[in-house]
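Those protein sequence lines, which keep their order, are chains A and B. Sequential numbering from 60 applies to the first sequence in the numbering used here. Sequential numbering from 708 applies to the second sequence in the numbering used here. For every residue, glycine included, the Cβ atom is placed at its ideal position computed from N, Cα and C.
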Amino acid sequence: MKTFIVAMLVLIILVGSVFSISAYLTNVEIDLIEIAEEVSVFSKKGEWDVAFKRFEKLSDKWDKKENIFSVFYNHEDLDDINLAMGNLKESILHNDLEHTLKAVSEIKILLERLIKNESLSIENILLAPNRFFCHIML
Amino acid sequence: MLISFLRTILTYIFVVVAIRVMGKRQVGQLEPAELVITLMISDLATIPLNHVSVPLLYGVIPILTLIIAEASLSFIVLKSRKFRKVISGTPVVIIEDGKVCEQEMAKLRFNFDDLMEMLRMQGNTDINDIKYGILETSGNLSVIKKTKPKNEVANYLGLPFMFICDGNISHKSLMLYNKDEKWLEKHLNGTDIKDVLFAGVDENGKFYLQERKQK
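So, in structure tokens, the structure goes:
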């Protein structure tokens, strides 16, 4: 009986934690997507200095949260995002609009994929989660 | 490599705790559900060990979930005899009075060579000496040998019988023993059936019972 009660308590804590952490990570990912979108907007306007500042904000936030992400996500997925961040930085520094928009799109897709792969859906339960390979885009 | 080493140590400690929580049984005595859990845990534990890019939680959370499932199932099986039969199955008599029950063996997909092997391993070389051979839910074979009768009842049956198990009457056992509930209640000496953990007769026909512990 004791084991059963402890098991139920652990279950409640586990499920509660999973939902809370999932919600927190989703919020962080949404914030990152919004900042990435800002980079895209300012790049299109030709305001490269502002775009670079937005990128720095994006990069700082990503660096702060990456350790937390690495506990819950496959490291290969996170490496893909790091690679895209590197490409974005170079594109902005070189004022290359085409590659900047590609890199932003890549980052957004990768982050959206992280959200989608962790969401509760029949697709995720029955099928394998989708993986995005950077080398296909570049 | 150091990461791999540390992950292995952590996973090992976690799996040992998990198996410990499941209880002490040798592999050969595991019920089907427990065997499944053990196999799954061993497989899941290797996932983060083989792929360093996979977070350790990808192994820990599934194992934890399996432990919770096992603890819940064990609790339900403990409380419900019907559910126990569904999950664990029931023991099957495959040898009766020196004769092999071919129909039961066919149902279990248990061949004669396997049966003889199990009998030999227990030191039983002659099927004619065996009163009952029961294939337990764990896959082990229990053998009850023919005994010399000591009294009238044992002359007829010569076997122990359990009439009450976990507060429930086994009407089948009573029927086999040619007795009824009135006879059983008389032997309980006023104890309520629900308060009896088990009650039956031994191979000499002597009645015994054990009451539930008072809470």
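**According to DSSP, residues forming a beta bridge with Ala906 of chain B** = B:Ile871, B:Leu916
**Request:** Give, in chain order, every unbroken run of the alpha helix (DSSP H) that is at least 4 residues long and sits entirely within the stretch 104–142 of chain A.
**Result:** 107–131
**Message:** Along the chain, where does the alpha helix (DSSP H) containing Gly766 of chain B start, and where does it finish?
**Reply:** 764–786
**Closest residue to His153 of chain A among A:Val74, A:Glu88, A:Gly105 (Cα-Cα distance)** = Nearest C-alpha to His153 of chain A: A:Gly105.
**Prompt:** For Asp899 of chain B, which residues from the same chain have a beta carbon less than 6 Å from its beta carbon, with the 5 sequence-adjacent residues on both sides left out?
**Reply:** none
**Prompt:** Rounded to a whole number of angstroms, what is the C-alpha to C-alpha distance between Asp821 of chain B and Glu741 of chain B?
**Reply:** Roughly 23 Å between the two C-alpha positions.
**Asked** What residues from chain A crowd round Val743 of chain B, counting only those whose CB sits closer than 8 Å?
**Response** Residues of chain A passing the Cβ test: none, with the nearest at roughly 17 Å.
**Message:** Please identify the residue among B:Pro739, B:Gln917, B:Phe817, B:Lys893 whose C-alpha is closest to the C-alpha of Val793 of chain B.
**Reply:** B:Pro739
**Item:** Contact list for Pro739 of chain B against chain A, beta-carbon separation under 9 Å
**Value:** None at all; the shortest Cβ gap to chain A is about 20 Å.
**chain A contact for Pro769 of chain B (CB, 8 Å cutoff)** = no
**Ala82 of chain A burial status per 10 Å Cβ neighbour count (16 or more: buried)** = With fewer than 16 neighbouring CB atoms inside 10 Å of its own CB, Ala82 of chain A falls in the exposed class.
**Outcome for Thr854 of chain B when other beta-carbon atoms lying within 10 angstroms are tallied against a minimum of 16** = exposed
**Message:** Which of the three DSSP states is assigned to Lys838 of chain B in this structure?
**Reply:** strand
**Request:** Just mark Trp890 of chain B as buried or exposed, buried being the case when its beta carbon has 16 or more other beta carbons within 10 Å.
**Result:** exposed
**Extent of the continuous beta strand (DSSP E) run through Ser849 of chain B** = Counting along the chain, the beta strand (DSSP E) containing Ser849 of chain B begins and ends at 848–852.
**Request:** To the nearest angstrom, report how far apart Met747 of chain B and Pro769 of chain B are at their CA atoms.
**Result:** 9 Å
**Prompt:** At what residues does the beta strand (DSSP E) containing Ile166 of chain A begin and finish?
**Reply:** Unbroken run through Ile166 of chain A is the alpha helix (DSSP H), 156–177; no beta strand (DSSP E).
**Prompt:** Asn133 of chain A touches chain D at which residues, Cβ-Cβ below 9 Å?
**Reply:** Any reference to chain D falls outside this structure, whose protein chains are A and B.
**Prompt:** According to DSSP, is Val728 of chain B helix, strand or coil?
**Reply:** helix
**Prompt:** Taking just the CA atoms, how far does Val130 of chain A sit from Met828 of chain B?
**Reply:** 51 Å
**Prompt:** What does Leu84 of chain A reach in chain B if we use C-beta pairs closer than 9 Å?
**Reply:** Per Cβ cutoff of 9 Å: no residues; Leu84 of chain A is ~13 Å from chain B at best.
**Among B:Ser781, B:Val761, B:Cys872, nearest to Ser795 of chain B - alpha-carbon criterion** = Ser795 of chain B has its Cα closest to that of B:Ser781, out of B:Ser781, B:Val761, B:Cys872.
**Message:** Quick check on DSSP: helix, strand or coil for Val759 of chain B?
**Reply:** coil
**Asked** Do we get a CB-CB distance below 8 Å when we pair Cys193 of chain A with the residues of chain B?
**Response** Confidence in Cys193 of chain A is poor, its pLDDT being 40 and thus under 50, which makes the residue's placement too unreliable to answer from.
**Message:** Could you tell me the alpha carbon to alpha carbon distance between Leu142 of chain A and Phe790 of chain B, rounded to whole angstroms?
**Reply:** If you take the alpha carbons of Leu142 of chain A and Phe790 of chain B, they lie about 54 Å apart.
**chain A residues whose Cβ lies nearer than 7 Å to that of Ala778 of chain B** = Thr62, Phe63, Ala66
**Same chain only: Cβ atoms within 8 Å of Ala906 of chain B, ignoring 5 sequence neighbours per side** = Met869, Phe870, Ile871, Leu891, His894, Leu895, Phe914, Tyr915, Leu916, Gln917
**Prompt:** Which residues in chain A sit within 7 Å of Ile775 of chain B, going by Cβ to Cβ distance?
**Reply:** Ala66, Val69, Leu70
**Message:** So with CB distances below 7 Å, who are the chain B contacts of Val130 of chain A?
**Reply:** Going along chain B in sequence order, the residues near Val130 of chain A (Cβ under 7 Å) are Pro762, Leu764.
**Request:** Please report the residue range of the alpha helix (DSSP H) in which Glu803 of chain B lies.
**Result:** Unbroken run through Glu803 of chain B is the beta strand (DSSP E), 799–803; no alpha helix (DSSP H).
**Request:** Using a Cβ cut-off of 8 Å (strictly closer), state whether Phe782 of chain B contacts chain A.
**Result:** Put simply, the CB of Phe782 of chain B is near chain A, with a gap under 8 Å to one of its CB atoms.
**Message:** Please classify Leu826 of chain B as buried or exposed, where buried requires at least 16 neighbouring CB atoms within 10 angstroms.
**Reply:** With a threshold of 16 other beta carbon atoms within 10 Å, Leu826 of chain B meets it and is buried.
**Message:** Using 8 Å for Cβ pairs, my map puts Ser779 of chain B next to Phe111 of chain A. What's the rounded Cβ distance?
**Reply:** In fact, because the Cβ distance is near 55 Å, the residues do not count as touching under 8 Å.
**Request:** Could you check if Arg727 of chain B is buried or exposed, using at least 16 other CB atoms within 10 Å of its CB as the buried criterion?
**Result:** exposed
**Prompt:** Hey, is Leu73 of chain A's beta-carbon within less than 8 Å of any beta-carbon in chain B?
**Reply:** yes
**Request:** Kindly list, in the order they appear in chain A, the residues whose Cβ is closer than 8 Å to that of Val728 of chain B.
**Result:** Thr62
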